Amino acid sequence: MKNTFEDWCLALWKERKQDVFILLFGVLFGAFFEWDLVEIFIFLIFIWSLLGPLPSRVLAVPALFFLSATPLLLVFNREDQAELFAVYAYYFLVMAVIRAIFELRSEENTKSL
Amino acid sequence: MIQQYFSFVIKKLQSKECFGIMFGLAIIIWIVGMNAFPQNTLFATKDILAPIHAWENKDYYFMEGQGRGFLVYGIFALLDGLGWDSGTQLTWYLGFFLFGSFLSLWWALGKLFKKIPLFVRTAFSLAYTLNIYTLSLFFSGEVFAPSHTLYVILPALTASFILAYTQFSRREIVQFLFFFFLASSSFLFPQMAVISILYLGMLVVLCEVFLLRNKEISWKRKGEGILAMGMGVLLLSAYWIFPVVKDIQYGKTPEISQNFVNVSWELQESSVSFLQTFRWFSSQYTETFPYWFPYEDMTWLRSVLLLLTVIPLGWMILGWLAFDKKDAFFKRYFWFTATLLIIIVFLASRLLEPFAFINKFFFSLPGVAVLSSGGVFLMFAPFLGILLGVLSAFLWQGYNRYIGISACLIVLSAFPFFLGGIHQKTSPLWGEEVFKNDRWENVGASAITRLPKEYKDIENILKEEDAGKILRLPYQGGDVTGWERESYWGLYAKDIAPILFSREVLSAQIPYFDRWLHAKTFATSKENPTWLTTLFGLTNTSHILLYKNGGEYPSEEYEQKLHYLEQSKNIENIYETQWYTLWRISESSRFGRVFVSDNAPPLIEDPSSIYASVNKIQNMNPREIVCQRGDGWKKGCSFTITSEEKGKVLTLGEPFHGYWSALLLSQDGSQKELQHMRSFGFLNGWKLPNSLKAGDQVVIAYAPERFENWGWIISLGALVCVIIGGGLISLRKLL
């Protein structure tokens, strides 16, 4: 497993050096605006969803998790956490929408060909 | 042709659609009946005073925004003119708002989705009408502000715009223009115009991004369609654009001209959390429902109702789960709506980190600062949530019945509507006893009351022909936006005096008066207190109304000083109740509304020197001018010049404002606008030239209607064209 991850990292560095720099820039960007670790991580996922690219349905999974957890947290009177989860769900919704736009466009282009 | 028309109508009445509308109407009528306002009641909250005596005060309401609010207030004026009492008018508005919202979404869903099942359409239309957001609007009284008519028109406006933009047929364009005109009824507040135009702009961009357009339409037809829509919108908007332009010119809308607006402060004050926006909470008013739950014996219900509000999140999840569905049309619409919702949630939530820097940038853009106050974006969340729900029902066709049932649960989240009598039960100011003992600021929301009879007692005194302004005490400073704050007339609500007595009230914002408290040693110093009554007299103030329950602005301080003025015979106590004291200012202190003096030097706002300054004014022997007052609220007046006035300064006893102007009409027929200046530093003044001749006329006017009438003519003309065009197109289709 470790080897596989290391291999993946090495391959990434070799093949997509430019993308790695963009990710590092993302970290610096988040640090500059004093975002917390979770927010920086989500921001990196966002960048990767564009560079990767990640399909919108993959992005939907965490969003659905956060959205579904929100009512439960409300039931247990944990409103602050529910709000935080709603914000995270929102981030993934934004990413999914952006990806969906790309996907719709590429579907349209494929059809027209 | 008539026979054909009637058979068409009968066919429509027998259709399933008609049954759905009738079902919705029946529920709404029941709710309106259950929540009917008692007769002769008033509704007043912190910022809102539902229109009263609207026929008598139609000029006053018309002057609010130079006619921009007249589409709403005009209807109240009409009902008032028909003899409907204030309570019945409020009940009528409740019905109008609810049924209008229902019909608007009903129509929009039918237009956007031809094959929508009847149950889904009815359930979602009811959910748009009766939900936690509309309930909170009624609790807070916000619903009586013209800005919220946009909520009623929004679905029809959106659907008609999407269809007009994607099809460019004449019929759709005419429909869109008609709904745009109706939506403009909310443009009394410029931010509603800005947000509507921003919203339509977003629809255009998203229609292009999500390819919601007809590819077969040629660019030529598209260009013609866009031109027709743009021209139509401009022509229909003439009636509100002209006054807004004038407002900007005179700095009356600082939010637009960006003077004095602290965007960061505004954003912080009016931020709404993400979750609350998703759940359609009107959380800007944290003292209102559902935060404030007025049913003490049913507190358990609060949690249930709050939980029902997460249903729109469920609709979003359902739509998302339908990724594999092949129906590209609904998928596109889903993403289109989700994107709109994302933008709206972002704009409503504002300062939430980590987006603060984007928000600050966006809300600082020219013209957008107007959106920085108030939760105006929240108004869009229910409609977009409903659209996502309907789209989920389409994407999960086999289960659409269950999704429809979930919409019915949203209706239940507005449970107090069904309990009935929401205002009687929840208004702490209802009934004489409660009215006496309770204070507005200690309670939640909803405030219906009857006017205390003591106010009726002074009606005749204050409606005297020659009466001047009413000075309202205690003063309450305006907030950062320059809004005049409310005063206490038994309840903490917008001041009723201008409307009830058809009289102008001296504003708290004008200089000198708001600082009169500086005279700490008023009653004991050597200063002659007549300087104060002279200041009142300069502004043509004839009465002082002191509200006794001044809350955070205690009246005792003022009372002491006024008693001192009373002892020195400057003012006379003419009526006293537990709520207020009414004084009349001595006739000798009044200068008249218009007067001339040799000069009008600015008074010095300094406790030690204002006495001397005012003395100088008295020594000037200002001469009152009998100025024939025009009809209506704040209208100016006209008088004929005699040889004595040449070269003197003409003063109008109204706080200085760029809207006032004076026109010199010479006997030879020529006209000249006199140069406007500050008289005594805070009143309107004009220097009368030496060259004028006896017999020339001076006309003083407030907000002279240079273009407004043209604006109305253009807009109404365009509306008539739209209606005739629409009628002709419908007839052609029918035949």
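Protein chains in written order, with the numbering used here: chain A, 13 to 125; chain B, 8 to 742. Cβ coordinates follow ideal geometry from the N, Cα and C atoms, glycine included. This one's a predicted model, so the numbers in the text were calculated from it and none came from an experiment.
Just how far apart, CA to CA, sit residue i and residue j?
i	j	result
T344/B	G326/B	11 Å
G88/B	A61/B	8 Å
L735/B	G232/B	18 Å
E24/B	T98/B	27 Å
I349/B	M209/B	12 Å
F185/B	I393/B	23 Å
F663/B	F687/B	10 Å
F508/B	T136/B	36 Å
A108/A	S68/A	5 Å
I57/A	L416/B	36 Å
N547/B	Q625/B	15 Å
F41/A	W114/B	47 Å
S244/B	F188/B	7 Å
K470/B	D464/B	11 Å
Q574/B	S650/B	41 Å
A335/B	T306/B	45 Å
C634/B	K700/B	18 Å
S737/B	I34/A	58 Å
L79/A	P250/B	46 Å
L723/B	L195/B	17 Å
S371/B	D19/A	48 Å
I731/B	G237/B	19 Å
V127/B	L133/B	10 Å
P45/B	T95/B	7 Å
A43/A	H430/B	51 Å
Y666/B	F543/B	22 Å
V705/B	E63/B	29 Å
T537/B	K653/B	30 Å
C728/B	I721/B	11 Å
G411/B	A130/B	6 Å
V377/B	F83/B	27 Å
A607/B	T540/B	18 Å
S108/B	F288/B	18 Å
F235/B	L218/B	Residue identity differs from the one stated: residue 235/B is Ala in this sequence, not Phe. Rounded to whole angstroms, A235/B to L218/B spans 22 Å at the Cα level.
F300/B	R309/B	7 Å
L347/B	L398/B	14 Å
Check the DSSP bridge columns for residue i and list the partner residues they point to.
i	result
R630/B	V603/B
N580/B	W590/B
H2/B	With chain B running from 8 to 742 in the structure shown, residue 2/B is simply not present.
R685/B	N691/B
I455/B	F50/B
W667/B	Y709/B
Tell me whether residue i is buried or exposed, calling it buried when 16 or more other Cβ atoms sit within 10 Å of its Cβ.
i	result
W447/B	A caution first: W447/B carries a pLDDT of 49, below 50, which makes its placement in the model too unreliable to give a value.
R479/B	buried
N444/B	Note that N444/B scores a pLDDT of 45, beneath 50, so its modelled location is shaky; the value from the coordinates is reported in the next line. With fewer than 16 Cβ atoms within 10 Å of its Cβ, N444/B is classed as exposed.
N691/B	buried
L24/A	exposed
P373/B	exposed
M386/B	buried
I180/B	buried
T122/A	exposed
F104/A	buried
I365/B	exposed
K227/B	exposed
V252/B	exposed
D486/B	Low confidence applies to D486/B: its pLDDT is 38, below 50, so where it sits in the model is not reliable, and the reading given next is rough at best. The residue is exposed, with fewer than 16 neighbouring Cβ atoms inside 10 Å.
F602/B	buried
| field | Positions along the region 209-228 of chain B whose CB lies within less than 7 Å of some CB in chain A | value | V216, F217, L218
| said: Can you pull out the residues from the region 62-89 of chain A whose beta carbon lies closer than 8 Å to at least one beta carbon of chain B? | reply: S68, R69, A72, A75, L76, L79, S80, T82, P83, L86, V87
| task | Please list the residues of the region 94-121 of chain A that have a C-beta atom closer than 7 Å to any C-beta atom in chain B, keeping them in chain order. | result | Those would be A94, E95, A98, V99, Y102, L105, V106, V109, A112, I113, L116, E120, in chain order.
| Whole beta strand (DSSP E) elements within the region 315-385 of chain B, 3-residue minimum | none
| field | Unbroken stretches of the alpha helix (DSSP H), 4 residues or longer, contained in the region 22-54 of chain B | value | 23-41
| Selection of the region 270-289 of chain B by Cβ proximity to chain A, strictly under 7 Å | Cβ contacts with chain A come from S280, F281, L282, F285.
| What residues in the region 123-147 of chain B bring their beta carbon closer than 8 Å to a beta carbon of chain A? | none
| Every unbroken alpha helix (DSSP H) inside the region 153-192 of chain B [4 residues or more] | 156-174, 177-190
| field | Members of the region 705-734 of chain B that neighbour chain A once the beta carbon cut-off is set at 7 Å | value | Of all residues in the region 705-734 of chain B, none has a Cβ within less than 7 Å of some Cβ in chain A.
| request: Could you list the residues in the region 324-349 of chain B with a C-beta less than 7 Å from some C-beta on chain A, going in chain order? | output: I324, W327, F330, R339, W342, A345, T346, I349
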